Structures are given as C-alpha cells and as structure tokens.
Amino acid sequence: MKKTLFDKVWDAHVVDAIEDGPQILYIDQHLIHEVTSPQAFNELENRGIPIFRPQQVTASADHNTPTQNQHLPIKDERSRKQLQQLSQNCKKNGITLYNLGHKYNGIVHVIAPELGITQPGMTIVCGDSHTSTHGAFGAIAFGIGTSQVAQVFASQCLLQTKPKSLRVTVNGTLKKGVLPKDVILYIISKLGTNSGTGYFCEYAGDVFKNMSMEGRMTVCNMSIEMGARGGMIAPDETTFDYIKNRKFAPKGKALEQKLAYWKTLATDEGAAFDKEYFFDANDIAPMITYGTNPGMGIKITETIPKINTPSFEKSLAYMNFKKGESLINQAVNYVFIGSCTNSRIEDFRIAAHFIKGKNKATNVTAWLVPGSKQVETQIIEEGLKDIFTKAGFELRQPGCSACLAMNDDKIPEGEYCMSTSNRNFEGRQGQGARTILASPLVAAATAIEGKIIDPTKYLSDVFV
Amino acid sequence: MEKFTTLLSRAIPLAIENVDTDQIIPARFLKSIQKNGFGKNVFRDWRYHKDHRINSNFILNNAAYSGKILVAGNNFGCGSSREHAAWALTDYGFKVIVSSFFADIFKENALNNGLLPVQVTPEFLKVLLDKIEETPETQLEINLVAQTITVEGTSFKEHFAINSYKKRCLINGYDDIGFLLSKKNKILAFERQKGYPIDH
Ligand code: SF4
C-alpha cells in the first residue's frame, strides 16, 4: 500500500492498538519546560511511579525567564519558584536540563533542532502546542497537555487516535521579500483557524523543497494555528546537511544507517490524503494580521475584509481597526522579533540586512529576542549585534519573552505590536495589547519607519 | 478522576467563537506549580476590567445565568496546549462544555480531567444558545451512557460522538496512566524489537 510520510513514521511507532479505541504510540523524544511539567512530576510522585526513560527527556527553561540580566536571581518570586521546581525535578529524576544561562539554553523548539536532538522519522512531544515546529525534519511532533506529559513520563507512550491526513502543496517561486512566515500566514488566511483540526498536515511542492531548515521550521511551527496537531516536510539533503555534525546527531556508521532510513520516509507517489489544497507561490506577498486570530491575515497592501459577524466585529473593535481600511501607514510603537516561530539566526540576518545603515524610528520600542543562547552568540559573532545597536535596537537574552508575556516583556494596553510570533489573541502580549503578526522583514521595516509599510518597495536586488 | 454518567444542570451561554486558551486562562496566571486554584482567574480579562472591577457585561457575571454547563461558540479551546485551561474550567465548577467544534488538544485535556466536551451541530448549538438566553432557567440533560444532550422537558435532543475508550474511562473514572502501565511488557518488547539503545 502506498504510504504518506506521516503514515510511515506513525506506523513505525505503534506499540499496540485498543479495539475501537486509540493506539499506543511510542515517543522517541520528550521535551519539557517549567510551565507545563510541574503538575506532571507531582502526579507521578504522588502515585509512586518512576520516570520510565529519563534519558529520552530534555528540559529547558524558556517560558517564564527574564530576557535581561539572566545572571542575577529572578525577581518575580513565582517565576523563580517555577524554575527552581524544574531544576529539582530534573535533578531528582536524572533528566538533562539546559537551565537559564547554560550555553544550550533557549526555547525548546529552537534548541532541540539546534542540538541535533530533533531527527527525521522520530516521534517528539512537548507540553507546548508549537511542538509542531520539529515536523520540519520529517518527524511527527505535536503538543500535549500536562496529563499526557505525565503519561509519557510513566510509559514513554501516549494513547492517540490516528489523525486524518492533509496536504498543502505550494508550487512556483516566491517573490522577492516573501518569507516562509508569509507563506504560512497566507495559507492560514486562506484555510482558516480550524481547517486542520483532526488532521496532520504535510507541506509539499517547490516552495518547501527550496526552503531552508529555518524556514521550514517557521512554517511547521504555525500548523497549530490552522488547528492541525502538526505539520511535516519530507526530509531531504537540506535536512541532512543541517543535522550532520550537530551535538546529538548520529555520527559515522550510525549516521549512514540513519540516512539510508531517512531517505525512505518521503510520501510515496500516488499516496492518498484525506484533504488536499494547492496554492501558487506567485500569489503570495508579505502578510500581516489585522484581527485576534492568526487566520485574520491579509497581504500588507490589501484592505481589511468586510465581514458582518459578531465575532469578526468584536475582533476589529479590540484591534481598533475598521472594515475596508488599509493598514499601510498605521503607526506602531512596539516591534518584537523573536519566539519559536522567528528567532533563529536566519531571521536576525534578514532583519539586520534590512536595518543596516538605517535608524529605528524614535516612537518605536524594538525588542530582539534570540531563540537560544547559541543564536545569541552567533548574532554577536556575525557582527549583527553591532548593526542592531547602531540602529537603536535592543538585543535581549533568549526566551519566549513577549510571545506570551509571562515575564516582564509585556506590551502596554492599547498599543500595537508588530510581532514575529505566532498568536495575536486578545491579551496574548499583555492585557489589552494589540498584536499584528508578520515576518521579520516586515517587523524590521516597521521598526525603521514607525508605521506599517510595504517593505518590498525598498529591497535591493540582492535581497532574498 | 471523578466518574461521569449523567448531568442535569442549567447552563451558561457564551456565544463567542474561537474562544482561545489565552482567554480561558491568561499566561500570567500559569506560574502556579499546582493544579488547583485556577478557577478564580478563568476568563479573567473578560470577567474583570484592568483595574479589577467586575465587568458586568460579561455573561459569567450575570446573576441570571448559572450552572455546570458552558455552551460556547464554534472552535472552543483553540490555541495553546496549557491544561491549565481545563483545570480552570473544572475548578470554576464546569462539568460539561458544549460547542459545535473543539480544538484537538483542548478536547484531550478536558477528557483527561473529567470535563466532558459535547460536540453538537451548529444548528443545535443555536437552538441551545437561544433557549438559554431566552429562559435562563432552562436545564440541559447530558447522558454520557446514551451519548445524548437534551433540553429538559422538550423534544430538543441530539446524539453526540465520543471515542468508546474515553467513554469507558469517564464512566469508570479511569485515567490513561494506569492503562499504559498495564502495557509495560508490550512497550518493553517494542523497544527491544526496534533496537532502542536501552538497557533491558
Ligand atoms: S515562543 Fe511563544 S509559542 Fe513558542 S514556545 Fe514560547 S510561548 Fe510558546
């Protein structure tokens, strides 16, 4: 039978099936962080159950960490306690933790690929919905709740009903200044926020074939924003080149064996999907969102649609936007480049390339938050920090930061923030904050202008 | 986990679509390392103004409505995987959430906490919302065994779907950990067969 990439990886991990119920799925890698793990550790401890495979668990502190003065004790008592709890739990159970300040610390979805923990053909879970990021490597990766974190702790398995399959194909060549973030915002704007619910999505076609690993991660990251548990891209030479030589990647003969297997994972020609969508790369342009869910997106040059439903109107009222209006020249006072969607080195290179030689608008507060310590180091070593500092941007230390505003990085009430993160929900970046989602290029351009512009007009010929 | 078979209760109508987990429980309340106590902050930013005054326009603050059932708009629970959303809803006192569509992770989290997600057709959802808004005393009967939701004393009734394994778990108050642990031998055999580098 012809199989999809998803089928191949899924079927290789089924331990057992329950009659007219879910299957028992084996989990290769379990990533944890401070916010969704403490109750799971408690649960196991209360029931006297040991952690089954601690060596298959990796922990990082990311959601609740400060992005300044990470060497000092954390001021917020409850945040400090949560991090202490994570350290204690990891220590007690023999789990590797990349704690605040560690050279490998960062957002779980940035560090696991960076360290070669994420590999094709794996099953990966984390108590975080953006675990879908790792699907960029041809892994089945999805977010789970804390009860499920406890289940994986106890058995390295999960009870799961096999989702349906969905494929999104984008063929053609992307126009200058159109980034992976625009591709996924475009797809979600076309399909809506619940089109993927119950499905696992594969991204196929020229656009993804020609995309870097960083770009593929940006795309897979936001699969959850159309409701899909995860997204996947077939592993190829780009994937293999990225993995080779990373800390936990297989080496030598082991690598050769793995490569031979990884090459068999791509979807068989003619395999059937439950749902398929096709898009043309030529129709994609730089995108922004105007509402309070990620499906409410338009090309930056378009106007806000005129939809007459209470939910739509409630959303526009929150954003203080009007139906039919263009957002070009809309003043924006905050810019955030960061989050597991866009905080990898490539994102900062793109931003730096645009910013170089220009100055940040005086009305704008701009935070650049790398996804990991390694990205931070690279930014400094490549000289990008100098470009940013000269232009008036603030480079902070790694973490989730203003993506969810659990730490001090909050956008004030009523302010607009041009953000490279993944969610524009009400209050996501702070109570009453208004989030506009966009690519790092659009964010950088907004920071320079202090208002929304179409950056493609300003790009030199050499630009991506 | 508490057992669930049937429930007869009044319901609170929340006619908003795409209620995301950041609305159900905002991130700033996720700093607790316990499972309890989240109920006081459920829908925090809709229930209270920024200066902590009660927002009397929000349905949860309308004394006319009460009950252990929340009837909500399409695509309830989208967004993050935070189980705190399910904990906050149960801690507040909800036992059932009715919507025409649920986000995947939220649905699993709810089921793992004995909070029953009942998915109805958009038409039936509209009937429910209208009836409750009109007559707040309306009672809904949820029968998990028969998999039905009924507007009490009327012929408005719909069948709902639920995975039969999960149904058994809810009716008996079982959770998945116990079940998975009972499969330990199969899991060990799987690891051995697939050559996981684990000391057996
Ligand atoms: S950066 Fe944002 S979306 Fe990503 S893991 Fe952190 S909080 Fe979640």
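Residue numbers (the working numbering), protein chains in the order written: chain A, 629 to 1092; chain B, 4 to 203. Even glycine gets a Cβ: it sits at the ideal position worked out from N, Cα and C. Keep in mind the model is a prediction, meaning the values are calculated, not measured.
| Where the stretch 18-38 of chain B meets chain A: residues whose CB sits under 8 Å from a CB there | Ala18, Ile19, Glu20, Asn21, Asp23, Asp25, Gln26, Pro29, Ala30, Arg31, Leu33, Lys34, Ser35, Ile36, Gln37 and Lys38
| What first and last residue would you give for the alpha helix (DSSP H) that runs through Arg1062/A? | Your numbering for residue 1062/A matches position 434 in the first sequence. Taken as a continuous stretch (DSSP letters only), Arg1062/A belongs to no alpha helix (DSSP H), being part of the beta strand (DSSP E) at Arg1062 to Leu1065.
| query | So, does the CB of Lys129/B fall closer than 7 Å to a CB anywhere in chain A? | reply | The residue you call residue 129/B lines up with position 126 of the second sequence. Chain A contact via Cβ: absent.
| task | Taking a Cβ distance cut-off of 8 Å, strictly less, list which residues of the stretch 1045-1067 of chain A are near chain B, in chain order. | result | Here the close residues are Arg1051, Phe1053, Glu1054, Gly1055, Arg1056, Gln1059 and Gly1060.
| request: Check whether the stretch 21-36 of chain B touches the stretch 1048-1056 of chain A, taking contact to mean three or more Cβ pairs, one atom from each stretch, closer than 8 Å. | output: yes
| said: On the CB-based measure, 16 or more other CB atoms within 10 Å of its CB, does Arg1062/A come out buried or exposed? | reply: Your numbering for residue 1062/A matches position 434 in the first sequence. Buried, since its Cβ has 16 or more Cβ neighbours within 10 Å.
| request: Could you check which residue in Arg681/A, Tyr654/A and Met860/A has the C-alpha nearest to that of Thr597/A? | output: Given that chain A is displayed from residue 629 to residue 1092, the structure contains no residue 597/A and the question cannot be resolved.
| query | If you measure from the beta carbon of Tyr1086/A to each beta carbon in chain B, is any gap under 7 Å? | reply | Counting from 1 along the first sequence, the entry for residue 1086/A is found at position 458. Taking Cβ atoms only, chain B never reaches closer than 7 Å to Tyr1086/A, which makes this a no.
| task | Could you say which of Ser823/A, Glu842/A and Val847/A lies nearest to Ala832/A if we only look at CA atoms? | result | One-based indexing of the first sequence puts residue 832/A at position 204. The candidate whose alpha carbon is nearest that of Ala832/A is Val847/A.
| Three-state class that DSSP yields for Val637/A in the structure shown | Position 9 of the first sequence, counting from 1, holds the residue named residue 637/A. Val637/A: helix per DSSP, three-state reduction.
| Beta-carbon separation of Cys1028/A and His737/A under 7 Å? | Counting from 1 along the first sequence, the entry for residue 1028/A is found at position 400. Counting from 1 along the first sequence, the entry for residue 737/A is found at position 109. Contact flag unset, no.
| field | DSSP-derived helix/strand/coil call for Leu17/B | value | Mapped onto the second sequence, residue 17/B falls at position 14. Strand, per DSSP.
| query | For Asp869/A, is the beta carbon positioned less than 6 Å from some heavy atom of the ligand SF4? | reply | Your numbering for residue 869/A matches position 241 in the first sequence. Checking the Cβ of Asp869/A against the ligand SF4 gives no.
| message | Taking its Cβ as the centre, do 16 or more other Cβ atoms sit within 10 Å of Gly826/A, making it buried, or is it exposed? | response | Here residue 826/A is taken as the residue at index 198 of the first sequence, counted from 1. With 16 or more other Cβ atoms within 10 Å, it is buried.
| query | Looking at C-alpha atoms only, which residue of Gln1059/A, Ser939/A and Met1046/A is the closest neighbour of Ile1081/A? | reply | As a working mapping, residue 1081/A is identified with position 453 in the first sequence. Closest option to Ile1081/A, Cα to Cα, is Met1046/A.
| field | Secondary structure of Glu904/A, DSSP reduced to three states | value | Counting from 1 along the first sequence, the entry for residue 904/A is found at position 276. In the structure shown, the three-state DSSP call for Glu904/A is strand.
| message | Looking at the secondary structure, which residues open and close the alpha helix (DSSP H) in which Asp975/A lies? | response | If you number the first sequence from 1, residue 975/A lands on position 347. For Asp975/A, the enclosing alpha helix (DSSP H) stretches over residues Ile973 to Ile983.
| task | Please confirm if Leu1032/A has its CB atom under 7 Å from at least one CB of chain B. | result | As a working mapping, residue 1032/A is identified with position 404 in the first sequence. So yes, Leu1032/A belongs to the interface.
| query | So what does DSSP say about Ala164/B, is it helix, strand or coil? | reply | Translated into the one-based positions of the second sequence, residue 164/B becomes position 161. Coil, per DSSP.
| Sequence ranges, beta strand (DSSP E) only - wholly within the stretch 1033-1057 of chain A, length at least 3 | 1044-1047
| field | Collapsed DSSP secondary structure at Glu742/A in the structure displayed | value | Here residue 742/A refers to the residue found at position 114 when the first sequence is read from its first residue. Looking at Glu742/A - three-state DSSP - the assignment turns out to be helix.
| field | Interface positions of the stretch 649-675 of chain A facing chain B (Cβ-Cβ less than 7 Å), listed along the chain | value | Gly649, Pro650, Ile652, Tyr654, Val663, Thr664, Pro666 and Gln667
| query | What do you reckon, are the CB atoms on Glu1077/A and Tyr962/A nearer than 7 Å? | reply | In the first sequence, residue 1077/A corresponds to position 449, counting from 1. In the first sequence, residue 962/A corresponds to position 334, counting from 1. Taking 7 Å as the Cβ cut-off, Glu1077/A and Tyr962/A do not qualify as a contacting pair.
| message | Measuring only the C-alpha atoms, how far is Leu63/B from His55/B? | response | Along the second sequence, one-based indexing puts residue 63/B at 60. Along the second sequence, one-based indexing puts residue 55/B at 52. Answer to the nearest angstrom: the Cα atoms are 15 Å apart.
| query | When you compare only the Cα positions, how much space is there between Lys169/B and Phe182/B? | reply | Stepping through the second sequence from its first residue, residue 169/B is reached at position 166. Stepping through the second sequence from its first residue, residue 182/B is reached at position 179. If I take the Cα positions, the gap works out to 12 Å.
| If we cut at 7 Å on Cβ distances, does Asn65/B have a partner in chain A? | In the second sequence, the residue the question calls residue 65/B occupies position 62. It does not; no Cβ of chain A falls within 7 Å.
| Proximal residues to Asn910/A (C-beta, below 8 Å), its chain only, five neighbours per side dropped | The count along the first sequence starts at 1 and reaches residue 910/A at position 282. Cβ neighbours of Asn910/A beyond the five flanking positions: Gly800, Thr801 and Lys803.
| request: Taking all protein chains shown into account, decide if His658/A is buried (16 or more other Cβ within 10 angstroms of its Cβ) or exposed. | output: Here residue 658/A is taken as the residue at index 30 of the first sequence, counted from 1. By the 16-neighbour rule on beta-carbons within 10 angstroms, His658/A is buried.
| task | In angstroms with no decimal places, state the Cα-to-Cα distance between Asn991/A and Glu1022/A. | result | The residue given as residue 991/A occupies position 363 in the first sequence. The residue given as residue 1022/A occupies position 394 in the first sequence. Roughly 14 Å separates the two Cα atoms.
| Run through DSSP, which three-state label would His52/B get? | Counting from 1 along the second sequence, the entry for residue 52/B is found at position 49. If DSSP states are grouped into helix, strand and coil, His52/B belongs with coil.
| message | Counting only Cβ pairs nearer than 9 Å, list the residues of chain B close to Thr1017/A. | response | Reading the first sequence from its first residue, position 389 is the one you call residue 1017/A. Ordered by position in chain B, no residue passes the 9 Å Cβ test against Thr1017/A, which lies about 29 Å from the chain.
| Cut-off 8 Å between Cβ atoms - residues of its own chain near Phe97/B, not counting five sequence neighbours on either side | As a position in the second sequence, residue 97/B is number 94, starting the count at 1. Excluding positions up to five away in sequence, the list reads Lys71, Ile72, Leu73 and Leu118.
| query | Is Asp644/A helix, strand or coil by DSSP? | reply | Position 16 of the first sequence, counting from 1, holds the residue named residue 644/A. If DSSP states are grouped into helix, strand and coil, Asp644/A belongs with the strands.
| field | Within chain A, the residues that Asp48/B reaches when beta carbons sit closer than 9 Å | value | For the purposes of this step, residue 48/B is identified with residue 45 of the second sequence, where counting begins at 1. In chain order: Glu1054, Gly1055, Gln1059 and Gly1060.
| task | Check whether the stretch 787-799 of chain A touches the stretch 890-907 of chain A, counting contact only when three or more Cβ pairs, one atom from each stretch, lie closer than 8 Å. | result | yes
| Using a Cβ-Cβ cut-off of 7 Å (strictly less than) and excluding sequence neighbours within five positions of Arg878/A, which residues of its own chain qualify? | Along the first sequence, read from residue 1 onward, the residue named residue 878/A stands at position 250. Per the sequence presented here, residue 878/A reads as Pro, with Arg not at that position. Only residues of its own chain outside the window of five on either side were considered, and among them Lys886 have a CB closer than 7 Å to the CB of Pro878/A, listed in chain order.
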